[in-house]
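Participant: The following block contains the structure, expressed as C-alpha cells.
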Amino acid sequence: MAGFRDLDKALFPIKHISAVVKLFRSQLEDTNEPDLALLSIVIGLIENQLTSRSNAGQLIDSPETTVLPRFELETVENLYRKFKIVITGSVEPNKTKTYATRDLVKRVSDVIWNSLTRSYYKDRAHLQSLYSYLTGSKLDCFGVAFAVVAGCQVLGYDDVHLALSEDHAWVVFGPHGSETAEVTWHGKGNEDKRGQEIGKLDSARSWLYVNNKPVVCTRQMEVAALVSAINPSLNASVDATEVALLQQELLWLLYDLGHLKKYPMAIGNLGDLEEISPKRPGIACSALFEEAIDAARRFYNNQHVYPYTYQGGYYFRNKKYKEAFESWANASDVIRLYNYSRDDEEIYKEFLEIANEHIPYIMKIESSGFEANTILKKSECFANLLKFYDGICQWEEGSATPVLHIGWAKPLVNTISKFDADVRAQVHIVCDNMEEKLSKKNGSIFNNNNNNNYEKEYQATMSKSNNKDQTTSHFYPTIEALTAACSE
Ligand SMILES: CC1(C)CN=C(N2CCN(c3ncnc4sc(CCF)cc34)CC2)S1
765 MAGFRDLDKA
775 LFPIKHISAV
785 VKLFRSQLED
795 TNEPDLALLS
805 IVIGLIENQL
815 TSRSNAGQLI
825 DSPETTVLPR
835 FELETVENLY
845 RKFKIVITGS
855 VEPNKTKTYA
865 TRDLVKRVSD
875 VIWNSLTRSY
885 YKDRAHLQSL
895 YSYLTGSKLD
905 CFGVAFAVVA
915 GCQVLGYDDV
925 HLALSEDHAW
935 VVFGPHGSET
945 AEVTWHGKGN
955 EDKRGQEIGK
965 LDSARSWLYV
975 NNKPVVCTRQ
985 MEVAALVSAI
995 NPSLNASVDA
1005 TEVALLQQEL
1015 LWLLYDLGHL
1025 KKYPMAIGNL
1035 GDLEEISPKR
1045 PGIACSALFE
1055 EAIDAARRFY
1065 NNQHVYPYTY
1075 QGGYYFRNKK
1085 YKEAFESWAN
1095 ASDVIRLYNY
1105 SRDDEEIYKE
1115 FLEIANEHIP
1125 YIMKIESSGF
1135 EANTILKKSE
1145 CFANLLKFYD
1155 GICQWEEGSA
1165 TPVLHIGWAK
1175 PLVNTISKFD
1185 ADVRAQVHIV
1195 CDNMEEKLSK
1205 KNGSIFNNNN
1215 NNNYEKEYQA
1225 TMSKSNNKDQ
1235 TTSHFYPTIE
1245 ALTAACSE
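Reminder that position 137 of the sequence shown reads as 901 in the numbering used here, one-by-one numbering, no gaps.
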C-alpha cells in the first residue's frame, strides 16, 4: 500500500480542490496500490464539512480559486491511524503474502459490522466513507463493502477486491479473484448473507447479481468507486457546488488515466455532471453515455440496465423523445432475460417511473396538437414503445414475483391508443428468438449467454434491420401477454 507518504503530507493543509486532485494523482500514478483508507478519509472529511454547514451557494469558478475550509494534516493522520489500529488490533496482518481466505474476509467484515452504531437510518446521505465510519460509526451498505476492502489492504491482502453490481457490492479474493463473498447487507429487512458465496441460489437469475457480470475492481477502480460515491447534496434540492466540482475533477482524472474504461456507472456519473456543467470541450456528455453503453456491451455481455437509463434520462431531460424511447427499449431488452425477485426493487422503481411518469408525460406533450413533427406519427417510436413494454412482460415471465398490475396497464393502454392505426400498421412484428425465449423458461439462457455472444448477435441484428421504408422490429412472442395485459 502506498501509505501516507511525506509527499502526500506536503499537500496539507488542503485549501483548494486542485490540491485534492494532486493527492489523488500522486496516489494513482506513483503506486499500483493507492491507499484506499487515506483517500476515503480525505474525501469524507471534505464532503462532510462542506455539506453539513449552511454554506450553500458559494460562488464557485475553478479548482484553483475555489476556497475550501482548511483541512489539517493532523485530522487526517489521526483518523488514518485510528483505522489501522481498529483493523490490525483485531486481525493479524498478512506477513506471509498469501491469498486471503473466506475466514479472513469474514473476520474483517465482522470487525466493521460489530463496530457500527446499533441502529441508524441506513439510507441517509454521507454514510459511504471511512470518515463517517471513524467519526460516527455509521456506514451505508456500499460503505461497509468498501471498508472491508480498505481493511484487507491495510492487512496486506492485495487479492481482495470490490465487486459491484448495479445495486449491490461484495468482494472477490483468492487466485484470479476466483472466490466471492458477501460482506454487507442489501435492502430493507433482509437477513444479511455475510460470508456466503455469491449467487449460487435462485438469486443468480435476479438483476441484483447481473448474471454474474459484476464490475470487478482494480485498486484504481476502487478509487473510482469512492469518487462515484461522493454525494454533493446539501439537502433534497441543493448540491454543494464545490463538492460536485471536486467529484467531476476526480472523475476526469480517473477517466484520463484509463480507470473508467470498464466501469459504465462511473462514466454515466461523469456524463450527468457534464450535462449540468461541461468542463471538457470535445467530449459531449452524450458521448460519455454512449461510451458507458459500449463498455457494458463489450465487458459485461450487455447484462447491465443503467447505461441505457443514464442515456434515456439525458434524452428525456433534453426533449429528445424519439431517442429516449430507443434507450428505454434497449434497457428493457436487458431486463427481459432476468427473473424478477424481491431484491430487484431499485430497478423495478426505475422501470415504473419510466412507464408511468416519463412516457405519459411525453404523450401529453406530444398530443397537445402543437407539435409539428410529433412522434405520434413515427412508427419507430411505436415499435420502441412496444419493445419497452414487451421486455417488462418477459421480465415477469418465469418469475416467482409478479411485475405488472393494473397500475401499469392503464398508462400503457392510454399511450398505445395515442398512435393512429396507420402508424401502428407500419410496425411489422417478427416473432423470432423462440429458442432464446423458451430456454429462459428452463434456465439455460444464462449458460450459453455467458460466452459473451452479445457482440456478434448485435452486429448481425444491426446489419439485418436497416431497411428504411418500414420498421421491422424483432420481438418475442409475448405480444399476446402484452395485449392480454391491455385487455384487463
Ligand atoms: C440512471 C441512474 C438512475 C442515474 N444514477 C444511477 N446510479 C448512480 C450511481 N450508482 C453507482 N455509481 C457508481 N458505482 C456504483 S456501485 C453501485 C452498487 C452499490 F454498491 C451503485 C453505483 C448507482 C446508479 S442509475
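Where a beta carbon is used, it is the ideal one built from N, C-alpha and C, also for glycine.
Given the structure is predicted, the values throughout are model-derived calculations rather than measurements.
Taking 7 Å as the line, does the beta carbon of G938 fall inside it for any heavy atom of ligand 1?
Facilitator: no
Participant: Please determine, among S970, H940, I1180 and E986, the residue with the shortest C-alpha to C-alpha distance to Q917.
Facilitator: E986
Participant: With a threshold of 8 Å, are at least 3 pairs of Cβ atoms found where one atom belongs to the stretch 1098-1118 and the other to the stretch 947-955?
Facilitator: Three or more beta-carbon pairs separated by less than 8 Å link the stretch 1098-1118 to the stretch 947-955, which places the two stretches in contact.
Participant: Going by the beta-carbon positions, is the gap between L1017 and F776 smaller than 8 Å?
Facilitator: In this structure, F776 does not lie closer than 8 Å to L1017 by Cβ.
Participant: Measure from the alpha carbon of G959 to the alpha carbon of each residue in S1001, R1106, F937 and V980, then state which is nearest.
Facilitator: When only C-alpha atoms are compared, the closest one is F937.
Participant: Who are the near neighbours of K1026 in its chain, counting only those whose CB is closer than 8 Å to its CB and skipping five residues on each side?
Facilitator: The answer, listed in chain order, is V979, M985, A1059 and F1063.
Participant: Buried or exposed: which applies to K1142, given that a residue is buried once 16 or more other Cβ atoms fall within 10 Å of its Cβ?
Facilitator: buried
Participant: What does the alpha-carbon distance come out to for the pair R882 and L802?
Facilitator: 26 Å
Participant: Please return the same chain residues whose Cβ sits closer than 8 Å to the Cβ of P1175, not counting the five positions on each side in sequence.
Facilitator: A1119, N1120, I1123 and P1124
Participant: Extract the residue ranges of the alpha helix (DSSP H) inside the stretch 868-939, only unbroken runs of 4 or more that lie entirely within it.
Facilitator: 894-900 and 905-918
Participant: Can you name, in chain order, every residue of its own chain whose Cβ lies under 8 Å from the Cβ of V855, other than the five neighbours on each side?
Facilitator: Taken in chain order, the residues that qualify are L868, R871, V872, V875, G915 and L919.
Participant: Judging by CA-CA distance, which residue of R1100, L1101 and Y1074 is the nearest neighbour of A1088?
Facilitator: Y1074
Participant: Look at the alpha carbon of Y973 and the alpha carbon of Y1070, and state the distance between them as a whole number of angstroms.
Facilitator: 14 Å
Participant: On the three-state DSSP scale, how would you describe S1181?
Facilitator: Three-state DSSP puts S1181 in coil, outside helix and strand.
Participant: State the DSSP-derived secondary structure class of Q833, mapped to helix, strand or coil.
Facilitator: Looking at the sequence shown, residue 833 is not Gln but Pro. If DSSP states are grouped into helix, strand and coil, P833 belongs with the strands.
Participant: Looking only at its own chain, which residues have a Cβ that is under 7 Å from the Cβ of K809, when we skip the five neighbours before and after it?
Facilitator: Sequence check: residue 809 is Leu here, not Lys. Excluding sequence neighbours, L809 sits near F835, T839, V840 and Y895.
Participant: Any chance the CB of A896 is under 7 Å from a heavy atom of ligand 1?
Facilitator: One point to set straight first is that residue 896 is Ser, not Ala, in the sequence displayed. False, no ligand heavy atom lies under 7 Å from that Cβ.
Participant: Considering only residues of the same chain and omitting the five flanking positions on each side of E1252, which have a CB-CB separation below 8 Å?
Facilitator: Caution applies to E1252, whose pLDDT of 39 falls short of 50 and renders its modelled position unreliable; the model cannot decide the point.
Participant: What residue ranges within the stretch 1029-1067 form continuous alpha helix (DSSP H) runs of no fewer than 4 residues, ordered along the chain?
Facilitator: Qualifying alpha helix (DSSP H) stretches, in chain order: 1049-1063.
Participant: With distances taken Cα to Cα, identify the nearest neighbour of A1000 among Y1153, W877 and R888.
Facilitator: R888
Participant: CB of H1122 to nearest heavy atom of ligand 1: below 7 Å?
Facilitator: no
Participant: Exposed or buried, which one is Y885 when buried takes at least 16 other CB atoms within 10 Å?
Facilitator: exposed
Participant: Starting from C981 and walking both ways along the alpha helix (DSSP H), at which residues does that stretch end?
Facilitator: C981 -> no alpha helix (DSSP H), and no H or E assigned at all.
Participant: Whole angstroms are fine: how far does the CA of E1039 sit from the CA of V1167?
Facilitator: 32 Å
Participant: Check each candidate in W934, A1051, C1157 and H780 and name the one with the smallest Cα separation from A1031.
Facilitator: One point to set straight first is that residue 1031 is Ile, not Ala, in the sequence displayed. With distances taken between Cα atoms, I1031 lies closest to A1051.
Participant: Does the beta-carbon distance from R1188 to F1146 come in below 8 Å?
Facilitator: Yes, these two residues count as a Cβ contact at 8 Å.
Participant: Indicate the three-state DSSP secondary structure (helix, strand or coil) for A783 in the structure shown.
Facilitator: In this structure, A783 counts as helix in the three-state DSSP scheme.
Participant: Closest Cβ-Cβ distance between T881 and chain B: below 8 Å?
Facilitator: Here chain B cannot be found, since the structure has a single protein chain.
Participant: Between I1047 and Y1085, is the Cβ-Cβ spacing less than 8 Å?
Facilitator: no
Participant: Around the C-beta of I849, are 16 or more other C-beta atoms found within 10 angstroms, so that it is buried, or is it exposed?
Facilitator: exposed
Participant: Identify the residues that DSSP records as bridge partners of I778: which are they?
Facilitator: F835
Participant: Roughly how many angstroms lie between the CA atoms of L1101 and N1137, to the nearest whole one?
Facilitator: 35 Å
Participant: Determine the extent of the beta strand (DSSP E) in which A945 is found, giving its start and end residues.
Facilitator: If you look at A945, you'll find it in the beta strand (DSSP E) that goes E943 to A945.
Participant: Answer yes or no: the CB of M1127 versus the heavy atoms of ligand 1, is any distance below 7 Å?
Facilitator: No.
Participant: Is any heavy atom of ligand 1 found at a distance shorter than 7 Å from the C-beta of T1253?
Facilitator: Residue 1253 is absent from the structure shown; the chain starts at 765 and stops at 1252.
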